[in-house]
Amino acid sequence: MKKPVIGISTNELYDNDERFAGSQRVYVNKDYLTCIEKAGGTGVLLPPFKEEIEEQLDLLDGVLLAGGSDVDPLLYGKEAKAYCGYVRPEIDRYDQALILSAAERDIPILGICRGMQMINVSFGGTLLQDINTEKDNAIEHMQKRDRQYPSHWITVEPGSLLAQAFDRRSLVNSFHHQAVDEMADGFLITAMSDDGIIEAMEKEEGSVYGVQFHPEMMGALGHDESLKLFREFVNLCRK
Ligand code: MN
Numbered sequence: 037m038k039k040p041v042i043g044i045s046t047n048e049l050y051d052n053d054e055r056f057a058g059s060q061r062v063y064v065n066k067d068y069l070t071c072i073e074k075a076g077g078t079g080v081l082l083p084p085f086k087e088e089i090e091e092q093l094d095l096l097d098g099v100l101l102a103g104g105s106d107v108d109p110l111l112y113g114k115e116a117k118a119y120c121g122y123v124r125p126e127i128d129r130y131d132q133a134l135i136l137s138a139a140e141r142d143i144p145i146l147g148i149c150r151g152m153q154m155i156n157v158s159f160g161g162t163l164l165q166d167i168n169t170e171k172d173n174a175i176e177h178m179q180k181r182d183r184q185y186p187s188h189w190i191t192v193e194p195g196s197l198l199a200q201a202f203d204r205r206s207l208v209n210s211f212h213h214q215a216v217d218e219m220a221d222g223f224l225i226t227a228m229s230d231d232g233i234i235e236a237m238e239k240e241e242g243s244v245y246g247v248q249f250h251p252e253m254m255g256a257l258g259h260d261e262s263l264k265l266f267r268e269f270v271n272l273c274r275k
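So the sequence shown is residues 37 to 275, counted in my numbering.
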């Protein structure tokens, strides 16, 4: 049986070697590739070129939106506050076009961390630009422990795509300072932290969903529920 091919959105960084000043690298963290491989799929990197999205989607059975920089607030009708982080406007516009085109074609989409935030913004939602500044009594969502260790609880909505892999009360890791604020129309909250941050969402129609935590980091190091989430996603992409 052919393995489903999952396209992963990429990040950019600049080369530190002065001889290559200004030269960019395109990359994904290996944990995503590891989990897709363990789940029975094949991961491929997507160059962030908006003009070739349709050709990219012709090759893919699924799309995974990876974590990364903050999302440009201009995309959701706001201006950046001083506490918003570094944004990459071109990557944001590529990711948004990718999400909307993939959804239009009914190709399953899983968004992780920034990827979930991009799904929300792409369909008309907004973000908190910094949880601690904009929300009282938040817990620590930028954990100070290694990536495989969970740091806070979530409550998972029964019957959701996330509930196929995670128990109703689950512990997850947390590496975000932004979060979903107003959720896009047509989506459901499928997990929340105890301080009221949206930790997972899914579209009512189709297979479009996201998580705010990092199952790829826990899964790459053997966490069962996280690996199950990737297996369920790869299975969705088989159809
Ligand atoms: Mn969190």
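Glycine is no exception: its CB is placed at the ideal position from the N, C-alpha and C atoms.
Check, Outcome
"So within the region 168-232, which uninterrupted beta strand (DSSP E) runs reach at least 3 residues, ignoring any that extend past its ends?", "188-192, 205-208, 223-229"
"Which residues in the same chain as S137 place their Cβ atom closer than 8 Å to its Cβ, once the five residues preceding and following it in sequence are excluded?", "I89, E90, L93"
"With a 10 Å radius around its C-beta and 16 neighbouring C-beta atoms as the bar for buried, classify L263 as buried or exposed.", "buried"
"Can you give me the start and stop residues for the alpha helix (DSSP H) that E73 sits inside?", "66-74"
"Determine whether the beta carbon atoms of Q248 and C120 lie at a separation below 8 Å.", "no"
"Would you say the beta carbon of F269 comes nearer than 7 Å to a heavy atom of the ligand MN?", "no"
"Can you look up Y119 in the DSSP assignment and give me helix, strand or coil?", "coil"
"Can you tell me whether DSSP reads I135 as helix, strand or coil?", "helix"
"Less than 6 Å between C-beta atoms, sequence neighbours within five positions excluded: which residues of the same chain meet that for V270?", "P40, A75, G76, G77"
"May I ask you to report which of helix, strand or coil DSSP gives R150?", "helix"
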